[in-house]
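Protein chains in written order, with my numbering: chain Z, -18 to 63; chain S, -18 to 63; chain E, 624 to 771; chain A, 624 to 771.
Note that beta-carbon positions come from the ideal geometry of N, C-alpha and C, so glycine has one too.
Every value quoted in this text rests on a predicted model; they were computed, and no experiment measured them.
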Amino acid sequence: MEMVTHRIKIRAFGMIAEKLGADCLDLDSIPTTEVLRGYLYQQFPELEKMKFGIAINKKLVSGNQPIPNEAEVALLPPFSGG
Amino acid sequence: MEMVTHRIKIRAFGMIAEKLGADCLDLDSIPTTEVLRGYLYQQFPELEKMKFGIAINKKLVSGNQPIPNEAEVALLPPFSGG
Amino acid sequence: MEKHRKPKNIFVEGPISPEKIAKSIANHSSKTDIGGHSIFLGQVRADEKEGGTVQAIVYTAYEDMALEKAFEIREAIFEKYPLTCMHIYHSLGEVKTGEICLFVFTSSKHRKAAIDACEELVERIKKELPIWGKELVDNEKEVWKENT
Amino acid sequence: MEKHRKPKNIFVEGPISPEKIAKSIANHSSKTDIGGHSIFLGQVRADEKEGGTVQAIVYTAYEDMALEKAFEIREAIFEKYPLTCMHIYHSLGEVKTGEICLFVFTSSKHRKAAIDACEELVERIKKELPIWGKELVDNEKEVWKENT
């Protein structure tokens, strides 16, 4: 019998991707953006000094937000297009 | 013995030139812009209904202004460049 | 070195071609302190007039005065904004509907100066340069334009 | 007829050429209700950085989100201003100093709408699109840009 797991897909960009050493990361048991930040800061302490926003399924969110199962969660450093 | 005459050169543009039937006109004894307007309205009554500015030696003037001898005086209908 | 700027010709016979615009843009690739260009293009509209549709505008100008005035405007805008470059081209003669009659081009290190300067230039060109457009309507009537 | 607009691709691999800009301008000559075009071009500057001069910027984007957001911005600007056309192009990958990385193009019957819409588009693109530029400095260092 398989457990139903809460899986999310992390996508990282710009200097955040560089610090993570990857563009993509599959994680489970990350129910909220606060838990996500805590996990990332623990795994990649350098991130704590960096500014980045979070998008859930391509929408920027602010504050602590629930992360739906199977969500695509993006870590977005300050934009610098144009 | 020649008389010293006060001569000016009139240049007309746009619809003013059309009403005058000419781009250029040499006039004498026109000491001020008020006299010039009076003369033009008398010669070309249609001008009285038309808006036009006057430039003396390529500078727009307003109100009644003296016209120097040998001046180039331009009759400028409303601009419509661009 | 001569620092005094002289009036440049701004007039182009007939319409301004997209290729001329492209060339003007390409000429700026060597100026690597430029971060933003702002361009305004005036295009002749097929407006409906009494008795028909505009087919073209024929432009005439008091050229000497227009060049002096354009120079004065250029100097004032260079004084007001930190621009790297500024170019103004206006058509004389016939420009058909859909063709370009005015090309204003400003470049600066940062976008804000280029954008604001371009907008101010366009307004001043329309208001202050002694240029006249006569609209040719398809019934062979002619209508003098007037900027508001 | 399908009236619903779909997200258009805005991304161009490498620099945006002056020829592409000319072609885009020329494509509008058949739209004879247009009286004014406003264009903004972003060009890569050779800024001085710690240890050297910028040689190029390498752009990456969260493409799906950027296209959705660009679509949302497009719709909002079309709602706000009476525009005939609007085009947005942004480079991905390497763009050298002096080359064009952003091309924003608005057209309207009257100049004011085109100019105001173009300016607002540029601001929103810079602020809201998930695009990142990494500056390549001539000592082989890399510096991530940040819009302010």
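query: Within-7 Å CB hit, Z:I(-11) to chain A; result: no
query: Top-ranked residue by Cα proximity to S:S10, from S:M31, S:P58, S:K39 and S:G19; result: S:G19
query: Length-filtered (3 minimum) beta strand (DSSP E) runs lying within the stretch 655 to 700 of chain E; result: 659 to 666 and 675 to 684
query: Sufficient close CB pairs (3 or more, under 8 Å) joining the stretch 750 to 769 of chain E to the stretch 53 to 63 of chain S; result: yes
query: Cut-off 6 Å between Cβ atoms - residues of its own chain near S:L56, not counting five sequence neighbours on either side; result: A(-7), I(-3) and F33
query: Opposing strand residues paired with E:H710 [DSSP bridges]; result: E:F728
query: Rounded separation between Z:I48 and A:L664 - CA only; result: 38 Å
query: DSSP-derived helix/strand/coil call for A:L752; result: coil
query: Extent of the continuous beta strand (DSSP E) to which S:L28 belongs; result: Taken as a continuous stretch (DSSP letters only), S:L28 belongs to no beta strand (DSSP E), as it is neither H nor E.
query: The stretch 657 to 671 of chain E / the stretch 725 to 736 of chain E touching (three or more Cβ pairs under 8 Å); result: yes
query: DSSP three-state assignment for Z:A52, whether helix, strand or coil; result: coil
query: Limits of the unbroken alpha helix (DSSP H) element including S:K40; result: Counting along the chain, S:K40 falls outside any alpha helix (DSSP H), though it belongs to the beta strand (DSSP E) covering K40 to V42.
query: Top-ranked residue by Cα proximity to E:K764, from E:L706, E:E673 and E:S652; result: E:E673
query: Contact check, A:G675 vs A:N762, beta carbons under 7 Å; result: yes
query: Cutoff 7 Å; reference A:V718; Cβ partners in own chain excluding five residues on either side; result: G637, P638, V667, A679, I680, Y682 and C724
query: Contact set between A:Y704 and chain Z, taken where Cβ atoms lie within less than 7 Å; result: By Cβ distance, chain Z contributes nothing, its closest Cβ being about 20 Å from A:Y704, past 7 Å.
query: Per-residue burial, A:S661 [other beta carbons within 10 Å of its own, 16 or more giving buried]; result: buried
query: Residue-level contact to chain A via CB, Z:L57, 7 Å cutoff; result: yes
query: Per-residue burial, Z:K0 [other beta carbons within 10 Å of its own, 16 or more giving buried]; result: buried
query: Below-7 Å beta-carbon distance, A:K631 vs any chain Z residue; result: no
query: Closer than 7 Å to chain Z by CB, A:I748; result: yes
query: Chain-ordered neighbours of E:K692 on chain A, where CB pairs are closer than 8 Å; result: What E:K692 touches in chain A: nothing, since even the nearest Cβ is about 20 Å away.
query: Separation of S:E27 from A:H713, as counted between CA atoms; result: 56 Å
query: A:P705 burial status per 10 Å Cβ neighbour count (16 or more: buried); result: exposed
query: Any C-beta of chain E under 7 Å from that of A:F728; result: no
query: Contacts of S:K39 in chain E (Cβ-Cβ under 7 Å); result: D687, M688 and E691
query: Beta-carbon contacts of A:N632 that lie in its chain and below 6 Å, excluding the five residues immediately before and after; result: none
query: Sequence-distant residues of its chain with Cβ nearer than 8 Å to E:M688 (five each side left out); result: P753
query: For Z:L6: DSSP bridge partner residues; result: Z:I(-9)
query: Within-7 Å CB hit, E:S652 to chain A; result: yes
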